[in-house]
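J.: Numbering (this note's numbering), first residue to last: 215 to 500. No residue lacks a Cβ here, since even glycine has one placed at the ideal position from N, Cα and C. Bear in mind the structure is a predicted one, so any value in this text is a computation, not a measurement. Submitted below is the structure of interest, expressed as C-alpha cells.
Okay, here's the thing in C-alpha cells:
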C-alpha cells in the first residue's frame, strides 16, 4: 500500500512512514487511568481493608503471610479523540516547510498516537464550512485517509469563520471528547471557545513560521494574500515592521487570554521544528 503511495504521492508517503515510526517507537502503550478499581490489568497487592471486595483476595499470598491481601487493578480509560484541522489560505506559507505540511504531520502524529493507545478518533475539517473527514475508528487505515484529505485540500482562497466553526463543532460532537484544534490562529477576534470547552476538553495546537512573527527588513516587495487572493506592493522597513509586529503580539495576547479564560491547553510549533517530541509529550499527558 505504501509502495503504491510512494509512487503516486511521495511526500505524503514519507510523512506517514516517518510519523508512524516516531509514534510507535516512542509513545507508551494503551492509555491507562490513574483511577483504581475493577479493570483489565493487575497493578499491585496490598493488605485487605474493610469494604474491599473479597473476590479480589489473593489466597496464596494471604496464606503465606498469614494476613489477607487483595489484588488492586487499574481501569482502562478510553478517550474519544477528535482531530480538527483549521484550513485556510494563510497556511500556504513557510520558510522551511509550508505551515500546511507541518499541520499534516501533526495530524499524522495525533492519529497514529490514538491507534497506538487504542483510543477511537474521528476528524473534521474546518474551513469555509465544517465537514466530516473520517468517521470514528481505531483502525490504522483512517490515518492515511485523514492525511490524504488534508494534504489534497486546496487552502488557497479559503478564509475561516471561527464563530461558525466552533458552534458547528458544538452541535456536531455530542459525546464528551478531547478535541485537538490545529491551525495558525491569526485574526481570532471572533474565536470563542468557552461553550465548547465546557462540553469537551480542548487542546489548541498553533502552527507558525518564525518569519511571519518576526520578519526581516526586505525593502519593497510584491506580495499576494493566499486567503483573499489580493496582491499589493509593500515596503518592509522599520516603521511598517514595528506596526506589524505590534499587531501580531496583540493578536496572540488576545488569543492566550481567551485560552486561559476557557481553560484550554495549547502548544505552539514552528515550521523549523520537529513536531514529534511536542505532540507525543502532549498525548502522553492526556
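For the segment 351-376, which segments carrying the alpha helix (DSSP H) assignment without a break, of at least 4 residues, lie completely within its bounds, in sequence order?
T.: List check, alpha helix (DSSP H) in window: 355-366.
J.: Are there 16 or more other CB atoms within 10 angstroms of the CB of residue 499, so buried, or fewer, so exposed?
T.: Label assigned to residue 499: exposed.
J.: What is the DSSP secondary structure of residue 421, counted as helix, strand or coil?
T.: Of the three classes helix, strand and coil, the one that applies to residue 421 here is strand, per DSSP.
J.: Under the three-state reduction of DSSP, which class applies to residue 438: helix, strand or coil?
T.: Of the three classes helix, strand and coil, the one that applies to residue 438 here is strand, per DSSP.
J.: Counting along the chain, where does the beta strand (DSSP E) carrying residue 336 start and finish?
T.: Run containing residue 336: 335-340, per the beta strand (DSSP E) assignment.
J.: Considering only the beta carbon of each residue, do residue 296 and residue 391 sit closer than 8 Å?
T.: It is a contact, given that the beta carbons lie within the stated cut-off.
J.: Whose C-alpha, out of 385, 328, 276 and 486, is nearest the C-alpha of residue 423?
T.: The shortest C-alpha separation from residue 423 is found at 486.
J.: Are the Cβ atoms of residue 275 and residue 283 separated by less than 8 Å?
T.: Yes, Cβ-Cβ distance for residue 275 and residue 283 is below 8 Å.
J.: Leaving out the 5 sequence neighbours to the left and right, which residues in its chain are closer than 6 Å to residue 420 when beta-carbon positions are compared?
T.: Closer than 6 Å at the Cβ level, and outside the excluded window around residue 420, lie 399 and 482.
J.: What does the alpha-carbon distance come out to for the pair residue 433 and residue 337?
T.: Between residue 433 and residue 337, the C-alpha separation is close to 42 Å.
J.: Helix or strand or just coil, what does DSSP make of residue 276?
T.: Three-state result, residue 276: helix.
J.: Go to residue 229, then tell me how far its alpha helix (DSSP H) extends in each direction, as first and last residue.
T.: Its alpha helix (DSSP H) spans residues 224-240.
J.: Residues in its own chain within less than 6 Å of residue 408 by CB, not counting five upstream and five downstream?
T.: Excluding positions up to five away in sequence, the list reads 476.
J.: Tell me, please, whether the segment 308-325 touches the segment 223-241 by the rule of three or more beta-carbon pairs shorter than 8 Å.
T.: Contact between the segment 308-325 and the segment 223-241 is present, because at least three Cβ pairs lie under 8 Å.
J.: If residue 322 and residue 298 are in contact, beta carbons under 8 Å, what's the gap, nearest whole angstrom?
T.: Not a contact, Cβ separation roughly 15 Å.
J.: Between residue 454 and residue 445, which are expected to be in contact by the criterion C-beta below 8 Å, what is the C-beta distance as a whole number of angstroms?
T.: Wrong, their Cβ atoms sit about 17 Å apart, outside the cutoff.
J.: Taking its Cβ as the centre, do 16 or more other Cβ atoms sit within 10 Å of residue 417, making it buried, or is it exposed?
T.: Classification of residue 417: buried, given that the 10 Å Cβ count is 16 or more.
J.: May I ask you to list the residues that DSSP assigns as paired with residue 282?
T.: In the DSSP output, where bridge partners are listed per residue, residue 282 has none listed.
J.: Using the beta-carbon count (16 or more within 10 Å), is residue 313 buried or exposed?
T.: Buried, because 16 or more other Cβ atoms sit within 10 Å of the Cβ of residue 313.
J.: From the DSSP output, which residues share a beta bridge with residue 446?
T.: Answer by DSSP bridge pairing, in chain order: 437.
J.: Please return the same chain residues whose Cβ sits closer than 6 Å to the Cβ of residue 341, not counting the five positions on each side in sequence.
T.: Excluding residues within five positions, the ones whose Cβ falls inside 6 Å are 301 and 372.
J.: Would you report the Cα separation of residue 488 and residue 401, rounded to the nearest angstrom?
T.: Rounded to the nearest angstrom, the two C-alpha atoms are 26 Å apart.
J.: Using the rule of at least 16 other Cβ atoms within 10 Å of the residue's Cβ for burial, across every protein chain shown, is residue 491 buried or exposed?
T.: It counts as exposed.
J.: Run the CB neighbour count on residue 457, radius 10 Å, all protein chains shown included, and call it buried at 16 or more, exposed below.
T.: It counts as exposed.
J.: Do residue 369 and residue 442 come within 8 Å of each other at the CB atom, strictly closer than that value?
T.: Taking 8 Å as the Cβ cut-off, residue 442 and residue 369 do not qualify as a contacting pair.
J.: As a quick exercise: from 405, 484 and 411, pick the residue whose alpha carbon is nearest that of residue 544.
T.: Coverage of the chain is limited to positions 215 through 500, which leaves residue 544 absent and any answer about it impossible.
J.: How is the alpha helix (DSSP H) around residue 470 delimited, first residue to last?
T.: That run of the alpha helix (DSSP H) goes 452-476.
J.: Which value, in whole angstroms, describes the spacing of the CA atoms of residue 364 and residue 347?
T.: If you take the alpha carbons of residue 364 and residue 347, they lie about 9 Å apart.
J.: Measure the CB-CB distance between residue 431 and residue 406 and report whether it falls below 8 Å.
T.: Going by C-beta atoms, residue 431 is not nearer than 8 Å to residue 406.
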